[in-house]
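A short write-up of the structure that comes next.
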Amino acid sequence: MLKFMWRTLYRAYERLLTQEVARGEVPRHAAVIMDGNRRYAGRMKKVTHFGHSRGADTTEKVIDWSWEAGIEQLTIYAFSTENFNRSEDETEALFDLIGLKFDEMCEDERTHARRMRVRVIGDVSKVSSSLQKSIETVESVTRDYDGFHLNVAIAYGGRQDIVQAVQEIANKVHKGRLELDEITEFTISEHLYPAGGCAVPNVDLIIRTGGDTRVSNFLSWQANGNECAAYFCAPFWPEFRKIDLLRSIRVYQSRMTAHHQNNIHRAANFVSAIGKV
Numbered sequence: 015m016l017k018f019m020w021r022t023l024y025r026a027y028e029r030l031l032t033q034e035v036a037r038g039e040v041p042r043h044a045a046v047i048m049d050g051n052r053r054y055a056g057r058m059k060k061v062t063h064f065g066h067s068r069g070a071d072t073t074e075k076v077i078d079w080s081w082e083a084g085i086e087q088l089t090i091y092a093f094s095t096e097n098f099n100r101s102e103d104e105t106e107a108l109f110d111l112i113g114l115k116f117d118e119m120c121e122d123e124r125t126h127a128r129r130m131r132v133r134v135i136g137d138v139s140k141v142s143s144s145l146q147k148s149i150e151t152v153e154s155v156t157r158d159y160d161g162f163h164l165n166v167a168i169a170y171g172g173r174q175d176i177v178q179a180v181q182e183i184a185n186k187v188h189k190g191r192l193e194l195d196e197i198t199e200f201t202i203s204e205h206l207y208p209a210g211g212c213a214v215p216n217v218d219l220i221i222r223t224g225g226d227t228r229v230s231n232f233l234s235w236q237a238n239g240n241e242c243a244a245y246f247c248a249p250f251w252p253e254f255r256k257i258d259l260l261r262s263i264r265v266y267q268s269r270m271t272a273h274h275q276n277n278i279h280r281a282a283n284f285v286s287a288i289g290k291v
């Protein structure tokens with residue numbers, strides 16, 4: 015009886031949040047640091063791979079929820095450059111799991127119905143050959159889609175992203191294909207991952223699970239210099255729910271409302287100052 019009441023209350027709250035979020039502006043680009051898979055497995059007294067597997071199930075749900083909410087671009091942090099410090103067994107098992115999910119995306123009717131384009135950002139030369147093959151396949155299958163964009167960060171680091179962009183720009187300057195005075199913020203932005211152009215755009219909302227309040231070298235360039243909102247929540251990634259995503263969007267909307275109100279207030283003060291002059 016208690017479980018039934020809890021589910022009823024949860025569904026009612028989820029419906030309320032959905033209605034509230036639908037009345038406001040939705041972030042075009044949301045990015046997620048999926049933290050807590052290993053701690054979740056430890057709490058459940060299971061092996062590490064159990065946490066990663068449950069986390070992959072949550073990722074699939076979040077893709078669904080993001081698309082339903084109207085988010086145009088979702089970037090997920092699947093494997094950082096720092097994660098290479100983990101054991102070889104865990105790393106290889108995680109690469110196999112990611113590759114399996116990419117293979118399933120190629121066959122999933124939702125991928126094609128939504129016209130979801132999948133791209134990987136990071137130094138993919140460092141991952142296993144089987145995962146490289148899965149990446150090549152899913153990117154090829156979805157290359158012409160433009161309905162929803164899913165960016166998966168693998169072997170990725172924000173600083174590394176900027177370094178490789180600067181190296182590519184320097185190489186173009188060296189070869190005479192680019193002049194120094196032509197380099198702008200836009201130049202750097204367009205040389206960020208993924209390779210081959212169409213870099214990941216500025217982030218509107220960053221979400222991190224697992225209780226930590228830091229961004230861990232994630233999209234360092236794309237998340238700074240703009241009005242990016244941040245939402246940190248306690249649940250481990252396998253426990254992340256739809257209401258958590260909706261709450262994060264609501265935080266973004268509150269941030270945007272405050273920003274707009276501040277701009278109006280400053281404009282009014284400026285007009286008042288002109289009148290006094």
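Every number in the working numbering is 14 more than the matching position in the sequence shown, counting from 1.
Glycine included, every Cβ here is placed at the ideal spot set by N, Cα and C.
Item to complete: Examine the Cβ distances between the segment 143–152 and the segment 102–112 and report whether three or more of them are shorter than 8 Å.
Response: Yes, they touch.
Fill in: Y207, DSSP secondary structure in three states
Here Y207 sits in coil by DSSP.
Discussion item. For P41 and E153, I'd like the C-alpha separation in whole angstroms.
Written reply: Distance between the alpha carbons of P41 and E153 is about 24 Å.
Item to complete: Might you give, ordered along the chain, the residues of its own chain that have their beta carbon closer than 8 Å to the beta carbon of I202, omitting 5 neighbours on each side?
Response: So the qualifying residues of the chain are I176, A179, V180, I183, W235.
Discussion item. At the level of alpha carbons, what is the spacing between G38 and Q267?
Written reply: Cα to Cα, G38 sits roughly 7 Å from Q267.
Item to complete: Identify which residue in F93, T156, R264, T62 has its Cα closest to the Cα of R124.
Response: Minimum Cα-Cα distance from R124 among the listed residues F93, T156, R264, T62 corresponds to T156.
Worksheet entry | Boundaries of the beta strand (DSSP E) in which T227 is found, first to last residue | Here T227 belongs to no beta strand (DSSP E), and DSSP marks it neither H nor E.
Item to complete: Leaving aside the five residues before and after L192 along the sequence, list all residues of the same chain whose C-beta is less than 8 Å from its C-beta, in chain order.
Response: Excluding positions up to five away in sequence, the list reads I183, K186, T201.
Item to complete: Entirely within the segment 135–199 and at least 4 residues each: give me those alpha helix (DSSP H) ranges in chain order.
Response: The qualifying runs are 143–155, 172–188.
Worksheet item: Is V217 helix, strand or coil when you go by DSSP?
Response: In the structure shown, V217 sits in coil (DSSP, three-state: anything other than H, G, I, E or B).
Fill in: Sequence-distant residues of the same chain with beta carbon closer than 6 Å to H43, five excluded per side
These residues qualify, in order along the chain: Q87, P215, V217, D218.
Practice prompt. Classify M130 as helix, strand or coil using the three-state DSSP reduction.
Written response: Residue state, collapsed to three classes: strand.
Fill in: Among I220, G225, C247, the one whose alpha carbon lies nearest that of E241
It is I220.
Item to complete: Would you mind sorting G190 into buried or exposed? The rule is 16 or more other CB atoms within 10 Å of its CB.
Response: G190 comes out exposed.
Practice prompt. Please classify C212: is it buried, with 16 or more other beta-carbons within 10 angstroms of its beta-carbon, or exposed?
Written response: With fewer than 16 other Cβ atoms within 10 Å, it is exposed.
Item to complete: Look up F284 in the DSSP assignment and say whether it is helix, strand or coil.
Response: Only weak support is given to the placement of F284: the predicted model assigns it a pLDDT of 48, under 50, and the question is left unresolved by the model.
Worksheet item: What number of angstroms, rounded off, separates the C-alpha of L164 from the C-alpha of T22?
Response: Answer to the nearest angstrom: the Cα atoms are 32 Å apart.
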